Amino acid sequence: MADRRSRSATELIDLVLDDGSYTSWDEPPVRGPVSAEYAAALDAAQQRTGLDEAVVTGEGRMRGRRVAVVACEFGFLAGSIGVAAAERLTRAV
Numbered sequence: 208m209a210d211r212r213s214r215s216a217t218e219l220i221d222l223v224l225d226d227g228s229y230t231s232w233d234e235p236p237v238r239g240p241v242s243a244e245y246a247a248a249l250d251a252a253q254q255r256t257g258l259d260e261a262v263v264t265g266e267g268r269m270r271g272r273r274v275a276v277v278a279c280e281f282g283f284l285a286g287s288i289g290v291a292a293a294e295r296l297t298r299a300v
């Protein structure tokens, strides 16, 4: 029977790419003014996932072939796409 547990974006990247081949394209997001509640939610999501945004982008190798990587992290605010995540997506494309 297949393993159906949820995997983080980082776990998926490690699972499908050649060992040690991943390079992140991500820069820390520039956030505008946000409410105290949203700032607290962002901090909690970062502590929980170790990531600074719901979208992870970069490149690596899969069986030696260079590939682009765009992955969403559900554990970071349920993978919601805000301004910073959308910027990462458009830059990756």
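Per the working numbering, the sequence shown runs over residues 208 to 300.
Where is the CB? At the ideal position from N, CA and C, for every residue including glycine.
In this text the structure is predicted, and so the values were computed from the model without any measurement.
In this structure, what does DSSP give as the bridge partners for residue i?
{"i": "ARG272", "result": "MET269"}
{"i": "SER287", "result": "Looking at the DSSP assignment, SER287 forms no beta bridge with any residue, so it has no partner."}
{"i": "VAL262", "result": "CYS279"}
{"i": "THR230", "result": "GLU266"}
Label residue i either buried or exposed according to how many other C-beta atoms from any shown protein chain fall within 10 Å of its C-beta, with 16 as the threshold for buried.
{"i": "PRO295", "result": "Residue identity differs from the one stated: residue 295 is Arg in this sequence, not Pro. It is buried - the Cβ of ARG295 has at least 16 other Cβ atoms within 10 Å."}
{"i": "THR264", "result": "buried"}
{"i": "GLU244", "result": "exposed"}
Suppose contacts are defined by Cβ-Cβ distances below 8 angstroms. Is residue i in contact with residue j by that definition?
{"i": "LEU224", "j": "ARG273", "result": "no"}
{"i": "ALA299", "j": "LEU219", "result": "no"}
{"i": "GLU280", "j": "SER228", "result": "no"}
DSSP on residue i, reduced to helix/strand/coil?
{"i": "VAL223", "result": "helix"}
{"i": "ALA278", "result": "strand"}
{"i": "ARG212", "result": "coil"}
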